Ligand SMILES: Nc1ncnc2c1ncn2[C@@H]1O[C@H](COP(=O)(O)OP(=O)(O)O)[C@@H](O)[C@H]1O
Ligand SMILES: [Mg+2]
C-alpha cells in the first residue's frame with residue numbers, strides 16, 4: 001500500500017502514521033462459556049500519514065469503521081494488529097499507563113455535543129477536566145485563567161464558565177468540546193464527524209473555527225465526515241473508506257475533480273448541485289443495494305457487490321491501494337479510471 005500524504009510534504013516527517021491498522025471485534029455467544037463465533041471487521045488494514053499543520057479528511061458511509069479508526073488513533077481502542085506512530089513513537093499497543101504522556105498530544109473531538117458533555121458539570125469544569133488528569137501541564141493557580149483563555153479562543157464568552165451545557169446551543173456545545181480537546185495543547189485533533197449533529201447553518205461556523213485554530217496553533221487534523229462535501233474546503237488530502245478499508249486517497253483536486261474509484265465517483269455523483277444549469281449535465285450513479293455486513297464482507301474487493309464494473313477477478317483478489325501506472329493517486333480498484341464528474345461538486 002502506498003498512501004503518501006501531500007507531495008509538497010516530502011522531507012517532513014508525519015506527526016501521525018498508521019500502518020496496516022486492523023480492528024476486529026469478536027462476536028461472542030453463550031451465557032456461561034463464551035465462544036467467539038465471528039468477528040466484526042470494523043477496520044481492516046488502514047494506512048495513513050498525517051503531516052504537521054495539515055488536514056486529512058476521512059469519508060465513508062455509516063458503519064464503514066470511521067469512529068473505530070478515530071478511537072484507535074487516540075488510544076481509546078487497542079488495535080488487533082498494525083502500528084500507530086505519534087511523532088515517530090509507536091503508541092499502538094501501549095498500556096493505559098504508558099499511553100498517558102502521549103494522550104496529551106492527540107485528542108478526540110466527539111461527534112455529538114449533546115451527549116459528550118457531562119450535564120452536571122459547569123463549562124469551566126468540563127474544559128478544565130484534562131488538567132486534573134494531567135496536572136503537570138498547567139499549575140493549579142493558573143488553571144482558571146487558562147480555562148477562560150480556552151473559551152475565548154473558541155469564540156465563547158469567558159464569563160460563561162459557571163454555566164451548564166444545557167444553557168448552550170449545539171454549535172456552542174461543540175465549541176466547548178473543542179476547547180476541552182485543546183486544553184492540553186495537543187498537536188493532533190481527531191475530529192469524529194464534529195458537525196454532523198449540527199444545523200447546516202452552524203456547520204460552516206464550526207468548520208471555520210477549526211480552520212482558524214489550525215492556522216493559529218499549527219494543529220494537524222484527522223477530520224472524519226460521512227459526506228465528501230463537508231471536508232472539501234478543510235482537507236488537504238481525503239481518504240475514502242468502504243467497509244473498513246481505504247479505497248482511494250488523494251489531494252482535494254485528485255479526489256473531487258479526478259476520482260478514480262467507482263465508489264468515490266458514486267459518492268460524488270450523489271452530492272447535490274446548487275447550480276440548476278449544471279444539474280442536467282452529469283450522470284448520476286445510483287448504487288444498488290445496501291452496504292454488506294462487516295461480519296461477512298464480500299471476498300476480493302468489498303465494493304464489488306455494488307459495483308457496475310465488477311468482474312470475476314474482483315471476487316478472487318483483494319485490490320491493494322496502489323498508485324496508478326502514470327503516477328496517479330492511490331486507488332484500490334483493478335479497473336480504476338477517471339470519469340468526468342467535475343460538475344458534481346462545483
Ligand atoms: N465495540 C464494538 N463491538 C462490536 N462491534 C463494533 C463496536 N464498535 C463498532 N462496531 C461495529 O464496527 C463497525 C464500524 O463501526 P463504526 O466504526 O462506528 O463506523 P462509522 O463510525 O463509520 O459509522 C460497525 O459494524 C459497528 O457495528
Ligand atoms: Mg461514527
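Residue numbers (the UniProt record's numbering): 1 to 346. C-beta: ideal position from N, C-alpha, C; glycine also. Model, not experiment: these values are computed from the prediction.
Next on the checklist: Residues in the same chain with beta-carbon distance under 7 Å from residue 166, minus the five sequence neighbours each way, listed in chain order, please.
Outcome noted: Residue 166 sits at position 166 when you count from the first residue of the chain shown. Beyond the five residues adjoining it in sequence on each side, residue 166 comes within less than 7 Å, by CB distance, of 119 in the same chain, given in chain order.
Checklist entry - With burial defined as no fewer than 16 other Cβ atoms inside 10 Å of the residue's Cβ, what is the status of residue 12: buried or exposed? => result Position 12 of the chain shown, counted from the first residue, corresponds to residue 12. Answer is exposed; the Cβ neighbour count stays below 16.
Checklist entry - Do residue 192 and residue 89 come within 8 Å of each other at the CB atom, strictly closer than that value? => result Working through the chain shown from its first residue, we reach residue 89 at position 89. Working through the chain shown from its first residue, we reach residue 192 at position 192. In this structure, residue 89 sits away from residue 192, with a CB-CB distance that is not shorter than 8 Å.
Next on the checklist: Buried or exposed for residue 207, going by 16 or more other Cβ atoms inside 10 Å?
Outcome noted: Within the chain shown, residue 207 is the residue found at index 207, counting from 1. Classification of residue 207: buried, given that the 10 Å Cβ count is 16 or more.
Checklist entry - Bridge partners of residue 133, per DSSP? => result Counting from 1 along the chain shown, the entry for residue 133 is found at position 133. In the DSSP output, where bridge partners are listed per residue, residue 133 has none listed.
Next on the checklist: Give me the residue from 32, 245, 74 and 306 with the minimum Cα distance to residue 289.
Outcome noted: Start at 1 with the first residue of the chain shown, and residue 289 comes out as number 289. Nearest option by C-alpha distance: 306.
Next on the checklist: Taking 6 Å as the limit between beta carbons, can you name the residues of its chain near residue 267, skipping five residues before and five after?
Outcome noted: By 1-based counting over the chain shown, the position of residue 267 is 267. Excluding residues within five positions, the ones whose Cβ falls inside 6 Å are 228.
Item to check | Reduced DSSP secondary structure (H/G/I, E/B, other) of residue 156 | outcome: Your numbering for residue 156 matches position 156 in the chain shown. If DSSP states are grouped into helix, strand and coil, residue 156 belongs with coil.
Checklist entry - Would the C-beta of residue 239 count as close to ligand 1, meaning under 7 Å from any of its heavy atoms? => result To locate residue 239, count along the chain shown from 1; it is residue 239. Outside the cutoff, so no.
Checklist entry - According to the Cβ coordinates, are residue 55 and residue 255 closer than 8 Å? => result Within the chain shown, residue 55 is the residue found at index 55, counting from 1. Within the chain shown, residue 255 is the residue found at index 255, counting from 1. Their beta carbons are not under 8 Å apart, which means residue 55 does not touch residue 255 by this criterion.
Checklist entry - Quick one: Cα of residue 247 to Cα of residue 326, how far? => result Locating residue 247 in the chain shown gives position 247, counting from the first residue. Locating residue 326 in the chain shown gives position 326, counting from the first residue. For the pair residue 247 and residue 326, the Cα-to-Cα distance works out to about 18 Å.
Checklist entry - Roughly how many whole angstroms lie between the Cα atoms of residue 158 and residue 80? => result Numbered from 1 along the chain shown, position 158 holds the residue referred to as residue 158. Numbered from 1 along the chain shown, position 80 holds the residue referred to as residue 80. Rounded to whole angstroms, the gap between the alpha carbons of residue 158 and residue 80 is 43 Å.
Checklist entry - Comparing the CB of residue 32 with every heavy atom of ligand 1, is any distance shorter than 7 Å? => result Along the chain shown, read from residue 1 onward, the residue named residue 32 stands at position 32. Result no, Cβ not under 7 Å from ligand 1.
Item to check | Close beta carbons around residue 150, own chain, < 7 Å, minus the five adjacent residues each side | outcome: For this step, residue 150 is matched to residue 150 along the chain shown. So the qualifying residues of the chain are 127, 179, 182 and 183.
Item to check | Same chain, Cβ closer than 7 Å to residue 317, neighbours up to 5 away in sequence not counted | outcome: Within the chain shown, numbered from 1, the residue matching residue 317 stands at position 317. Cβ contact annotation for residue 317 (same chain, cutoff 7 Å, sequence separation greater than five): 300, in chain order.
Next on the checklist: Count Cβ pairs between the stretch 105–125 and the stretch 186–204 that sit closer than 8 Å; are there 3 or more?
Outcome noted: Short answer: they touch.
Checklist entry - Going by beta carbon distance, what residues of the same chain come within less than 7 Å of residue 231, once the five residues before and after it are set aside? => result What you label residue 231 is simply residue 231 of the chain shown in a count that begins at 1. Once the five neighbours on either side are set aside, the close Cβ partners of residue 231 are 57, 59, 223, 225 and 238.
Checklist entry - Quick one: what's got a C-beta closer than 6 Å to residue 36's C-beta in the same chain, skipping five residues either side? => result Along the chain shown, read from residue 1 onward, the residue named residue 36 stands at position 36. Cβ neighbours of residue 36 within its own chain (closer than 6 Å, five residues either side excluded): 26 and 28.
Item to check | Contact set for residue 212: own chain, Cβ-Cβ below 8 Å, skip 5 residues either direction | outcome: Counting from 1 along the chain shown, the entry for residue 212 is found at position 212. Annotation for residue 212: no residue places its beta carbon closer than 8 Å to its own, counting only its chain and skipping 5 residues before and after.
Next on the checklist: Tell me whether residue 42, by its Cβ, gets closer than 7 Å to a heavy atom of ligand 1.
Outcome noted: Indexing the chain shown from 1 puts residue 42 at position 42. Yes.
Item to check | DSSP three-state assignment for residue 336, whether helix, strand or coil | outcome: Taking the chain shown and counting its residues from 1, the one referred to as residue 336 is at position 336. In the structure shown, residue 336 sits in coil (DSSP, three-state: anything other than H, G, I, E or B).
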